[in-house]
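Visitor:
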Amino acid sequence: MAAKEKLEAVLNVALRVPSIMLLDVLYRWDVSSFFQQIQRSSLHNNPLFQYKYLALNMHYVGYILSVVLLTLPRQHLVQLYLYFLTALLLYAGHQISRDYVRSELESGYEGPMYLEPLSMNRFMTALVGQLVVCTLCSCVMKTKQIWLFSAHMLPLLARLCLVPLETIVIINKFAMIFTGLEVLYFLASNLLVPYNLAKSAYRELVQVVEVYGLLALGMSLWNQLVVPVLFMVFWLVLFALQIYSYFSTRDQPASRERLLFLFLTSIAECCSTPYSLLGLVFTVSFVALGVLTLCKFYLQGYRAFMNDPAMNRGMTEGVTLLILAVQTGLIELQVVHRAFLLSIILFIVVASILQSMLEIADPIVLALGASRDKSLWKHFRAVSLCLFLLVFPAYMAYMICQFFHMDFWLLIIISSSILTSLQVLGTLFIYVLFMVEEFRKEPVENMDDVIYYVNGTYRLLEFLVALCVVAYGVSETIFGEWTVMGSVIIFIHSYYNVWLRAQLGWKSFLLRRDAVNKIKSLPVATKEQLEQHNDICAICYQDMKTAVITPCSHFFHAGCLKKWLYVQETCPLCHCQLKSPSQLPGLGPEPVQQPNPSAEQNTRPGEAAEPGAECEQRPSVQDSPSGGHDGHESPEASARPGGSHSVDSGTSPCEASQGVDSGTSPCEASQGAACAAELIAAPEGCPARDLRVCVQL
Numbered sequence: 001m002a003a004k005e006k007l008e009a010v011l012n013v014a015l016r017v018p019s020i021m022l023l024d025v026l027y028r029w030d031v032s033s034f035f036q037q038i039q040r041s042s043l044h045n046n047p048l049f050q051y052k053y054l055a056l057n058m059h060y061v062g063y064i065l066s067v068v069l070l071t072l073p074r075q076h077l078v079q080l081y082l083y084f085l086t087a088l089l090l091y092a093g094h095q096i097s098r099d100y101v102r103s104e105l106e107s108g109y110e111g112p113m114y115l116e117p118l119s120m121n122r123f124m125t126a127l128v129g130q131l132v133v134c135t136l137c138s139c140v141m142k143t144k145q146i147w148l149f150s151a152h153m154l155p156l157l158a159r160l161c162l163v164p165l166e167t168i169v170i171i172n173k174f175a176m177i178f179t180g181l182e183v184l185y186f187l188a189s190n191l192l193v194p195y196n197l198a199k200s201a202y203r204e205l206v207q208v209v210e211v212y213g214l215l216a217l218g219m220s221l222w223n224q225l226v227v228p229v230l231f232m233v234f235w236l237v238l239f240a241l242q243i244y245s246y247f248s249t250r251d252q253p254a255s256r257e258r259l260l261f262l263f264l265t266s267i268a269e270c271c272s273t274p275y276s277l278l279g280l281v282f283t284v285s286f287v288a289l290g291v292l293t294l295c296k297f298y299l300q301g302y303r304a305f306m307n308d309p310a311m312n313r314g315m316t317e318g319v320t321l322l323i324l325a326v327q328t329g330l331i332e333l334q335v336v337h338r339a340f341l342l343s344i345i346l347f348i349v350v351a352s353i354l355q356s357m358l359e360i361a362d363p364i365v366l367a368l369g370a371s372r373d374k375s376l377w378k379h380f381r382a383v384s385l386c387l388f389l390l391v392f393p394a395y396m397a398y399m400i401c402q403f404f405h406m407d408f409w410l411l412i413i414i415s416s417s418i419l420t421s422l423q424v425l426g427t428l429f430i431y432v433l434f435m436v437e438e439f440r441k442e443p444v445e446n447m448d449d450v451i452y453y454v455n456g457t458y459r460l461l462e463f464l465v466a467l468c469v470v471a472y473g474v475s476e477t478i479f480g481e482w483t484v485m486g487s488v489i490i491f492i493h494s495y496y497n498v499w500l501r502a503q504l505g506w507k508s509f510l511l512r513r514d515a516v517n518k519i520k521s522l523p524v525a526t527k528e529q530l531e532q533h534n535d536i537c538a539i540c541y542q543d544m545k546t547a548v549i550t551p552c553s554h555f556f557h558a559g560c561l562k563k564w565l566y567v568q569e570t571c572p573l574c575h576c577q578l579k580s581p582s583q584l585p586g587l588g589p590e591p592v593q594q595p596n597p598s599a600e601q602n603t604r605p606g607e608a609a610e611p612g613a614e615c616e617q618r619p620s621v622q623d624s625p626s627g628g629h630d631g632h633e634s635p636e637a638s639a640r641p642g643g644s645h646s647v648d649s650g651t652s653p654c655e656a657s658q659g660v661d662s663g664t665s666p667c668e669a670s671q672g673a674a675c676a677a678e679l680i681a682a683p684e685g686c687p688a689r690d691l692r693v694c695v696q697l
């Protein structure tokens, strides 16, 4: 982004902040109490204060003007501020002229100025000030007619011509009237400008709505006004003014407890209106986004921005704060009560940020543990962040129990903190298992089962904690104070955190149990069958010391096939449906015969060719570029004639149903085997060994 574009973006935000501040002031201003104070004072006889309804209408006109200033295009907004600056400069020139005339009247000297040093000094000071004002006005209005802004110099010229002091007073009033007439002429000449702007804006809005719709119009206004940044800057200005007003009235330094109380009360003071509450919401969103970005940068460095350039995070925390503030009636409370409630809400926001940090760190830590990266600095960063996420939520839950009385909201915070610590503990346990497996010569066959049990234990604890929270919330709703918002939150929490999690866990358990039963129902290949088969597993590309035989006569490692069945219930090679033994006509294939390359030549017409010859025509797994343990094909594997596709005599049930059921060609089946090898049963040290990563891929 060029410097000019950056400056325009800054101006687009800075010039709109006063309009929101004006809206905030108008919301705080109580018109009825204002008129009651006027009636008690000596100004109640003033005709201006006798028209109460006119003042009320002016109150609403202020709202309209604020909205207009907020929605004006940037070019017109800059021009409006320039006009306002010119008016301020003209007022400054009037003040300089009036002060000069008053000082001359007080001195009473009417002689030549060069004979009186004090009079000369006053004259030169006023002259320089008026010249600066005239120059600035001509520059701001972009005109060379500097005389239009020099009416306030008439008293100086009259004093230079030795005009009596009483006449200089009249000349000063004439200069003021002349300047006022110039301003009125300018306003009259631009009287139709607001109407023309409103008319053109209305036409443009109608065209956009007709072509793109209301949603596109809202998104366009949201992006042009930069609403999140605008409200964040507005709230930060309010917070800075609140802190400054506190320290400007205090002479003694505050203690640490006093600073914490000052921080909470300042935040409470700065969210007493809907506009300031929205500013706090967007500020919390940007703070959460910054924390999560730093977390990802700490784990991955600059690669975090290359892999994920648009990290749309942080809005969850802001929306959480907004919902809780609306549900509890935050802006209607007193400052002390508001500060106390804000402390609880901020605890909930911090718990949500910690959970989001864990969602970022969990896959990175597991991938680092499963990889063969020897960088100690990367491992230190991952483990240190996990230790922080393990200790800090537990400490926060302990502090909440110490200082607050238990209720439904605090129970949600404590449960979220405990679950975060438990999930970090499970992540660290799996990371340690990966690191231990890396130093072993052979991979652990039941590693996926261990990972499943660890994740299952955490999910079960998470489900039980969510169930306890729902039970406590229901009991508090029945026996305590009932609110609609509280009931809605309990219902949403019950649906998403209890019902959906229970369904997902039960479905995963059934799928895993079905896969285990299918593996147990498959026959185990004997040593003679493995020697006769003489091939590697088509999923993991490793030699098979033990294997199971599918109904379509394919050989796989039991663990590799079980991982595949977690994802889909078909054969990795031919996509034949793997059914239970009760649904099959036989209990398993017969011993596999090694195909004879010369059998095809000796086959007489009318006789069926050996199945091995048909399988030789299929692209084997070893022909894929990703074959082998490390992505290269081993010479022994390429020399084996049959491959994992070898079948016994006759056509398998799967091959007979390929054209009808699966619709998958042999080439596609071979490519499916290569994908299975990459995604389901990767070699030792691959991140895909984690079952969750496999399922996501």
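Under full-length UniProt numbering, the residue at position 9 of the sequence shown is numbered 9, and the numbers go up by one with no gaps. Cβ atoms here follow ideal geometry from the backbone N, Cα and C, with glycine treated the same way.
I need the DSSP call for residue 716, collapsed to helix, strand or coil.
Guide: With the chain represented from 1 up to 697, any question about residue 716 goes unanswered, as that position is not in the structure.
Visitor: If you pair each beta-carbon of the region 341-356 with each one of the region 369-379, do three or more pairs fall below 8 Å?
Guide: Verdict: no, contact absent.
Visitor: Taking CYS574 as part of the alpha helix (DSSP H), name the residues at either end of that continuous run.
Guide: No alpha helix (DSSP H) holds CYS574; DSSP gives it neither H nor E.
Visitor: Indicate the three-state DSSP secondary structure (helix, strand or coil) for PHE84 in the structure shown.
Guide: Reduced to three states, the DSSP call for PHE84 is helix.
Visitor: Going by beta-carbon coordinates alone, are PRO155 and ILE171 separated by less than 8 Å?
Guide: A contact, by the Cβ cut-off of 8 Å.
Visitor: Roughly how many whole angstroms lie between the Cα atoms of LEU187 and SER138?
Guide: One C-alpha to the other measures close to 18 Å.
Visitor: What does the Cβ neighbour count give for PHE174, buried or exposed, with the cut at 16 atoms within 10 Å?
Guide: Burial call: exposed.
Visitor: For ILE539, name the three-state secondary structure that DSSP assigns.
Guide: If DSSP states are grouped into helix, strand and coil, ILE539 belongs with coil.
Visitor: What's the gap between the Cα of CYS574 and the Cα of ILE478?
Guide: Approximately 58 Å, taken between the alpha carbons.
Visitor: So the candidates are GLN577, GLY559 and TYR541; which of them puts its Cα closest to the Cα of VAL548?
Guide: Comparing Cα-Cα distances from VAL548 to each of GLN577, GLY559 and TYR541, the minimum goes to GLY559.
Visitor: Tell me the residue span of the alpha helix (DSSP H) that contains ALA466.
Guide: From DSSP, the alpha helix (DSSP H) with ALA466 extends over 447-479.
Visitor: Quick check on this structure: which residue in VAL424, GLN355 and VAL183 has the alpha carbon closest to the alpha carbon of SER384?
Guide: The shortest Cα separation from SER384 among VAL424, GLN355 and VAL183 belongs to VAL424.
Visitor: Could you work out which residue in ARG338, ALA525 and ASN190 is closest to THR546 when comparing CA atoms only?
Guide: Closest option to THR546, Cα to Cα, is ALA525.
Visitor: Reducing DSSP to helix, strand and coil, say where PHE556 ends up.
Guide: It is a strand residue.
Visitor: I need the boundaries of the alpha helix (DSSP H) containing GLN224, first residue and last residue.
Guide: Run containing GLN224: 214-225, per the alpha helix (DSSP H) assignment.
Visitor: Does the Cβ of LYS4 have 16 or more other Cβ atoms within 10 Å, making it buried, or fewer, making it exposed?
Guide: Counting Cβ neighbours within 10 Å, LYS4 comes out exposed, since fewer than 16 surround it.
Visitor: For the candidate residues GLN529, GLY456 and THR550, whose alpha-carbon lies nearest to that of PHE509?
Guide: For PHE509, the nearest C-alpha among the options comes from GLY456.
Visitor: By DSSP, does VAL524 sit in helix, in strand, or in coil?
Guide: Looking at VAL524 - three-state DSSP - the assignment turns out to be strand.
Visitor: Go to LYS378, then tell me how far its alpha helix (DSSP H) extends in each direction, as first and last residue.
Guide: From DSSP, the alpha helix (DSSP H) with LYS378 extends over 376-403.
Visitor: Along the alpha helix (DSSP H) that carries LYS296, what are the first and last residues, could you check?
Guide: Here the alpha helix (DSSP H) through LYS296 covers 274-300.
Visitor: Quick check on residue 701: does DSSP put it in helix, strand or coil?
Guide: The question about residue 701 has no answer, for the chain in this structure spans 1 to 697.
Visitor: Closer than 7 Å by C-beta to TYR472: which residues in its own chain qualify, once you throw out the five before and the five after it? Chain order, please.
Guide: So the qualifying residues of the chain are PHE408 and LEU411.
Visitor: Roughly how many angstroms separate the alpha carbons of VAL349 and THR249, rounded to a whole number?
Guide: Going from the Cα of VAL349 to the Cα of THR249 covers about 32 Å.
Visitor: Return the Cβ separation of LEU15 and TYR63 in integer angstroms, given the expectation that the two are a contact with Cβ distance under 8 Å.
Guide: Actually they do not touch by this definition, with Cβ atoms about 19 Å apart.
Visitor: State buried or exposed for LEU387, treating a residue as buried only when at least 16 other CB atoms are found within 10 Å of its CB.
Guide: So LEU387 counts as exposed.
Visitor: Is it buried or exposed, PRO73, if we count other Cβ atoms within 10 angstroms and call 16 or more buried?
Guide: The residue is exposed, with fewer than 16 neighbouring Cβ atoms inside 10 Å.
Visitor: How should residue 699 be labelled, buried or exposed, when 16 other C-beta atoms within 10 angstroms of its C-beta is the threshold for buried?
Guide: The structure shown does not extend to residue 699, since the chain spans only 1 to 697, so no value can be given for it.
Visitor: In chain order, what residues of the same chain lie with their CB nearer than 7 Å to the CB of GLN6, ignoring the 5 residues before and after it?
Guide: In the sequence under discussion, the amino acid at residue 6 is Lys, which differs from the Gln named in the question. Excluding residues within five positions, none has a Cβ falling inside 7 Å.
Visitor: Can you pull the DSSP bridge partners for VAL548?
Guide: Beta-bridge pairing links VAL548 to VAL524 and PHE556.
Visitor: Is LYS441 helix, strand or coil by DSSP?
Guide: Coil.
Visitor: Which word fits MET306, buried or exposed, when buried means at least 16 other C-beta atoms lie within 10 angstroms of its C-beta?
Guide: Result: exposed.
Visitor: Consult DSSP for LEU89 and reduce its assignment to one of helix, strand or coil.
Guide: Helix.
Visitor: Using the rule of at least 16 other Cβ atoms within 10 Å of the residue's Cβ for burial, across every protein chain shown, is LEU361 buried or exposed?
Guide: Checking the sequence shown, residue 361 turns out to be Ala, not Leu. The residue is buried, with at least 16 neighbouring Cβ atoms inside 10 Å.
Visitor: DSSP state of TYR109, grouped into three classes?
Guide: Looking at TYR109 - three-state DSSP - the assignment turns out to be coil, as it is neither helix nor strand.
Visitor: Within 8 Å, do at least three Cβ pairs link the region 462-472 to the region 435-443?
Guide: Short answer: they don't touch.
Visitor: Measure the Cβ-Cβ separation of SER352 and GLU317 and say whether it is below 8 Å.
Guide: The answer is yes: Cβ separation under 8 Å.
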